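Participant: Before we start, here is the structure in question, set down as structure tokens.
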Amino acid sequence: MIPFPLVSPSTGHPLKPDAPHALRDAETGERWPVIDGIPYLRVGREALVERVLAHLDAGELDEALCAILADQDDWWNGPPADPADLLTLIRERRTATLRDAVRLLGWGRVGDYFLHRWSDPTYLAGLAMLEAHWNEPTCVFEFACGIGHYLRELARRGCKVAGADVVFAKLWVARHWVVGEKAQLVCFDANSPHWPVPGAPVDLVVCNDAFYFLDDKPRILDHLRQMAGDEGWLALSHIHNSDCPGFSAGKAVTVEDIAELFPDALVYDDDELTHALAEARAPIPHEVGELRGCEAFSVVAGPGMRPAPRSVVDGLTLPKAGTHLSLNPLYVPDGNDYAISFPSERYEAEYGPRVTYPMRSPGPERLTYGGGIDAPETPRVRVREFVDLPERW
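Start counting the sequence shown at 80; every next residue gets the next number (the working numbering).
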């Protein structure tokens, strides 16, 4: 865990513990709820904060959780979560699977994305870029970390990790199903008047498939650069290109925006990174002006980045020897072997043309990874025919 000092997102004043379930602004008395070690510091949710604190002060943890788990980001256009489903998940959280959690939270296609992110090409692109520029960081902060896919990999490589997201439920799922207790997690809105984690430099700042959603990108990027400090680096992957419309919502950027925001960066086409992982080679960066036709950009920046990418052959992109792997859950039995069955037409349209795994597999459903680039199963692991899923996937 990285013990970040926190400040109020509305006043900028330091926050201090106020009972196990709250933080208090010592100057104003303003209070913010904390559940399962995750502070909820989201502005513009005053009524929700008051309601959750009232439940917590009364010892009504399940009721507080039910209220806060229903909170979504401003891009959400699906139906609200069913309170009865949320209470079921809260009661059964110690035995429920990640699939149960996603279903009961009512996440729909976003849930499909999270459940299968371990093999989706945009996730692999970010992982490949991290490995290509890896310099053994000690402390890592992931902005817009979702349910913690990257945090899990980074923590298992010995990094102290922290993550932030605007949706409390995603962090709560990260805590119970993906990352565990050792990550510091905090919920806040990037557009808050004050950045809640100031003055907390880390070795590496990560942001995948989220930067294009942000309104005031220069301001938020400045905060992220401050966190990386004078010696750290930033890895921001899958930033949508507005000249190549895709499937996601958000506020995509142009090549001119990338050049202005990241004058010190190495810039990649997301697809190039995914192919580099599958082909066990070094990814090739490009002059940003050459990438006008790519779907999404990925960048590394900051004084701490490696000056040139190395081959993506091991490290973050392959599990450790002895890891128990599962056949990619997108495969379903089909005759004598297995065939890919995408969870939705949208998922297939978005990811199908770019996936690295084959459309059919002979199995088996489980295998124990021998480890190393020369292991016979390594090529199948590299393309994510086999994946390293959380224990309660």
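Ideal Cβ positions, reconstructed from N, Cα and C, are used throughout, including at glycine. Everything numeric in this text was worked out from a predicted model, so none of it was measured.
Taking the DSSP output, what are the residues bridged to ALA243?
Facilitator: Translated into the one-based positions of the sequence shown, residue 243 becomes position 164. Its beta-bridge partners are PHE222 and VAL265.
Participant: Short of 8 Å in beta carbon distance, which residues of its chain neighbour THR167, apart from the five on each side in sequence? Order them along the chain.
Facilitator: Position 88 of the sequence shown, counted from the first residue, corresponds to residue 167. Result list for THR167: LEU183, in chain order.
Participant: Please go through the stretch 420-450 and give each complete alpha helix (DSSP H) segment of 4 or more residues, from N-terminal end onward.
Facilitator: With a minimum length of 4 residues, the continuous alpha helix (DSSP H) runs that stay inside the stretch 420-450 are 424-430.
Participant: In chain order, what residues of the same chain have a beta carbon less than 7 Å from the beta carbon of THR176, not counting five sequence neighbours either side?
Facilitator: Indexing the sequence shown from 1 puts residue 176 at position 97. Around THR176: ARG471 and TRP472.
Participant: Suppose you measure from the CA of ALA243 to the CA of PRO412; what does that come to, to the nearest Å?
Facilitator: Taking the first residue of the sequence shown as position 1, residue 243 is located at position 164. Taking the first residue of the sequence shown as position 1, residue 412 is located at position 333. The straight-line gap from Cα to Cα measures roughly 38 Å.
Participant: Measure the CB-CB distance between TRP333 and SER321 and report whether it falls below 8 Å.
Facilitator: For the purposes of this step, residue 333 is taken as residue 254 along the sequence shown, with counting starting at 1. For the purposes of this step, residue 321 is taken as residue 242 along the sequence shown, with counting starting at 1. This sequence places Thr at residue 333; Trp is not what is there. Yes. Within cutoff.
Participant: Between which residues of its own chain and TRP197 is the CB-CB distance below 6 Å, once the five residues before and five after are set aside?
Facilitator: As a position in the sequence shown, residue 197 is number 118, starting the count at 1. These residues qualify, in order along the chain: VAL466.
Participant: What does a CB cutoff of less than 8 Å around LEU194 pick up in its chain, not counting 5 residues either side in sequence?
Facilitator: Along the sequence shown, one-based indexing puts residue 194 at 115. So the list reads LEU177, ARG178, VAL181, PRO408, PRO422 and TRP472, once near-sequence residues are dropped.
Participant: Assuming ARG121 and ARG110 are in contact, meaning their beta carbons sit under 8 Å apart, how far apart are those beta carbons, in whole angstroms?
Facilitator: Stepping through the sequence shown from its first residue, residue 121 is reached at position 42. Stepping through the sequence shown from its first residue, residue 110 is reached at position 31. Not confirmed; about 14 Å, so no contact.
Participant: Applying the criterion that 16 or more other CB atoms from any shown protein chain within 10 Å of the CB defines a buried residue, is HIS212 buried or exposed?
Facilitator: Taking the first residue of the sequence shown as position 1, residue 212 is located at position 133. HIS212 should be labelled buried.
Participant: From VAL391 to PHE83, what distance separates their C-alpha atoms?
Facilitator: Counted from its first residue, the sequence shown places residue 391 at position 312. Counted from its first residue, the sequence shown places residue 83 at position 4. Cα-Cα distance, rounded: 32 Å.
Participant: Of the residues SER440, GLU215, LEU370 and PRO280, which one's Cα is nearest the Cα of VAL462?
Facilitator: The residue given as residue 462 occupies position 383 in the sequence shown. When only C-alpha atoms are compared, the closest one is SER440.
Participant: Note down the Cα distance separating SER271 from ILE114, rounded to an integer number of angstroms.
Facilitator: Sequence index remark: in the sequence shown, residue 271 carries index 192 (1-based). Sequence index remark: in the sequence shown, residue 114 carries index 35 (1-based). In a straight line, the C-alpha of SER271 is about 20 Å away from that of ILE114.
Participant: I think GLU221 touches VAL265, with their Cβ atoms under 8 Å apart; what is that distance to the nearest whole Å?
Facilitator: Reading the sequence shown from its first residue, position 142 is the one you call residue 221. Reading the sequence shown from its first residue, position 186 is the one you call residue 265. That belief does not hold up - the Cβ atoms of GLU221 and VAL265 are roughly 11 Å apart, past 8 Å.
Participant: At the level of alpha carbons, what is the spacing between ASP152 and GLY414?
Facilitator: To locate residue 152, count along the sequence shown from 1; it is residue 73. To locate residue 414, count along the sequence shown from 1; it is residue 335. Each residue's Cα considered, the two are about 42 Å apart.
Participant: Where does SER87 land, buried or exposed, given buried means 16+ other C-beta within 10 angstroms?
Facilitator: Sequence index remark: in the sequence shown, residue 87 carries index 8 (1-based). That one is buried.
Participant: On the CB-based measure, 16 or more other CB atoms within 10 Å of its CB, does TRP154 come out buried or exposed?
Facilitator: If you number the sequence shown from 1, residue 154 lands on position 75. Counting Cβ neighbours within 10 Å, TRP154 comes out exposed, since fewer than 16 surround it.
Participant: For GLN305, which of VAL434, GLY383 and ALA248 has the nearest alpha-carbon?
Facilitator: In the sequence shown, residue 305 corresponds to position 226, counting from 1. Among VAL434, GLY383 and ALA248, the Cα nearest to that of GLN305 belongs to GLY383.
Participant: Can you give me the C-alpha to C-alpha distance between GLY157 and ILE147, rounded to a whole angstrom?
Facilitator: The residue given as residue 157 occupies position 78 in the sequence shown. The residue given as residue 147 occupies position 68 in the sequence shown. One C-alpha to the other measures close to 17 Å.
Participant: Take MET208 as the anchor and find which of VAL378, GLU369 and ARG371 has the nearest alpha-carbon.
Facilitator: As a working note, residue 208 is residue 129 in the sequence shown. When only C-alpha atoms are compared, the closest one is VAL378.
Participant: With 16 other CB atoms within 10 Å as the buried threshold, where does GLY388 fall?
Facilitator: Residue mapping note: residue 388 aligns to position 309 of the sequence shown, counting from 1. Residue identity check: residue 388 is Pro in the sequence provided, not Gly. Burial call: buried.
Participant: Could you spell out the range, first to last residue, of the beta strand (DSSP E) harbouring ARG110?
Facilitator: For the purposes of this step, residue 110 is taken as the residue at position 31 of the sequence shown. Segment 110-114, the beta strand (DSSP E) holding ARG110.
Participant: Look at the Cβ atom of GLY449, then the Cβ atom of ALA380, and state whether they are nearer than 8 Å.
Facilitator: What you label residue 449 is simply residue 370 of the sequence shown in a count that begins at 1. What you label residue 380 is simply residue 301 of the sequence shown in a count that begins at 1. No. Outside cutoff.
Participant: Quick check on THR457: buried or exposed, where buried means 16 or more other Cβ atoms within 10 Å of its Cβ?
Facilitator: For the purposes of this step, residue 457 is taken as residue 378 along the sequence shown, with counting starting at 1. Looking at its Cβ environment, which holds 16 or more other Cβ atoms inside 10 Å, THR457 is buried.
Participant: Just the Cα atoms here: how many angstroms apart are PRO455 and ALA204?
Facilitator: Within the sequence shown, the letter at position 376 stands for residue 455. Within the sequence shown, the letter at position 125 stands for residue 204. Computed Cα separation, rounded: 23 Å.
Participant: Classify LYS249: buried if its beta carbon has 16 or more other beta carbons within 10 angstroms, exposed otherwise.
Facilitator: The sequence position of residue 249 within the sequence shown is 170, counting from 1. Classification for LYS249: buried.
Participant: With distances taken from CA atoms, which of ASP164, LEU94 and ASN214 is nearest THR107?
Facilitator: As a working note, residue 107 is residue 28 in the sequence shown. Nearest C-alpha to THR107: LEU94.
Participant: Assuming ARG130 contacts ASP150 under a Cβ cut-off of 8 Å, what Cβ separation, rounded to an integer in Å, is found between them?
Facilitator: Your numbering for residue 130 matches position 51 in the sequence shown. Your numbering for residue 150 matches position 71 in the sequence shown. Wrong, their Cβ atoms sit about 11 Å apart, outside the cutoff.
Participant: What are the complete beta strand (DSSP E) segments, minimum 3 residues, inside the stretch 167-227?
Facilitator: For the stretch 167-227, whole beta strand (DSSP E) runs of length 3 or above, ordered along the chain, are 218-222.
Participant: Do the stretch 251-268 and the stretch 285-298 touch if we need at least three Cβ pairs shorter than 8 Å?
Facilitator: Verdict: no, contact absent.
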